[in-house]
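To start, the structure itself, in structure tokens.
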Amino acid sequence: SLTEIEPGLFLGNWASSVDVGTLMRHGITAIVSLGHGPAAAWSGPAHRKLVPASRHLFVACDDSATADLLGRLPAVCDFIDAQLGTDALSYADEPGRVLVHCSEGVSRSPTVVVAYLMRKHRSTVAAVLRDVRRRRRVVDPNRNFLEQLHLWEELQYDVWEDAACQVPKPLYRRFLESRAEMLTAAG
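When the letters of the sequence shown are read in order and numbered with full-length UniProt numbering, they come out as residues 1 to 187.
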């Protein structure tokens, strides 16, 4: 299933990403996939005709207590902006329509959509999450991702000190250190 959260921005599950009929009905022109690996169906000719590889961003990400989406958010948000035609560098004749999905459309993909809308509207986690849940009731980011959304807000929607994305802001660096400690303790 997929849900239009804002004009041109859709939130869905894995099944919606591989169903060519669904993609056609909703006019999807780009996809952000969060998961364990690419689906074979995405490489099929009918799928690639609708969404070429250049407009399909895959983000390897587990729905876990230690997964770091925060470091990927700036690039993913930039990709969504470019695909929607809302960034200054877009030369699209008409706005795109982007599907952001994970396995169930409950935790990972909603986290990305909420982060994108927070940055776009310069809004809070609480306000955006409330609005997204009004449109898609099953939205329930895990505790780790909720923490990252609060940090995203605190970091003012960017985690890097430099344009090359090499130097994390102090708050993000502390987050990374705490994740490293958690992983070390877990063995």
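Glycine included, each C-beta is placed from N, C-alpha and C at the ideal position.
Being a predicted model, the structure only gives us computed values, none of them experimental.
Residue i versus residue j - alpha carbon distance
{"i": "A164", "j": "V51", "result": "28 Å"}
{"i": "P170", "j": "M24", "result": "44 Å"}
{"i": "P95", "j": "G27", "result": "11 Å"}
{"i": "V114", "j": "R173", "result": "22 Å"}
{"i": "S178", "j": "K49", "result": "43 Å"}
{"i": "A65", "j": "A186", "result": "11 Å"}
{"i": "D63", "j": "V138", "result": "15 Å"}
Sequence-distant residues of the same chain with beta carbon closer than 6 Å to residue i, five excluded per side
{"i": "V59", "result": "L34 and R72"}
{"i": "A67", "result": "C61"}
Residues near residue i in its chain [Cβ-Cβ closer than 8 Å; skip 5 each side]
{"i": "A46", "result": "V20"}
{"i": "R136", "result": "T3, I5, L11, G105 and P110"}
{"i": "A88", "result": "Summary for A88: the model assigns pLDDT 49, below 50, so the residue's position carries little reliability, and this model does not support an answer."}
Residue i (DSSP reduced to helix, strand or coil)
{"i": "S123", "result": "coil"}
{"i": "E153", "result": "helix"}
{"i": "S43", "result": "helix"}
{"i": "V159", "result": "coil"}
{"i": "I5", "result": "strand"}
{"i": "P52", "result": "coil"}
{"i": "A82", "result": "helix"}
Proximity winner among the options, relative to residue i (alpha-carbon distances)
{"i": "L9", "options": "L129, G105, L99 and Q166", "result": "L99"}
{"i": "L84", "options": "P7, L183, T22 and S178", "result": "P7"}
{"i": "I31", "options": "R134, F175, I80 and G44", "result": "I80"}
Per DSSP, cross-strand counterpart(s) of residue i
{"i": "P95", "result": "Answer by DSSP bridge pairing: none, since P95 is not bridged."}
{"i": "F58", "result": "S33"}
{"i": "residue 209", "result": "The structure shown does not extend to residue 209, since the chain spans only 1 to 187, so no value can be given for it."}
{"i": "P168", "result": "W160"}
Chain-order list of residues whose beta-carbon lies under 7 Å from that of residue i (same chain, five-residue window excluded)
{"i": "L2", "result": "F10, L11, G12, S16, T22, H26 and L99"}
{"i": "D158", "result": "P74"}
{"i": "D140", "result": "V106 and S107"}
{"i": "L70", "result": "Q148, L151, W152, V159, Y172 and F175"}
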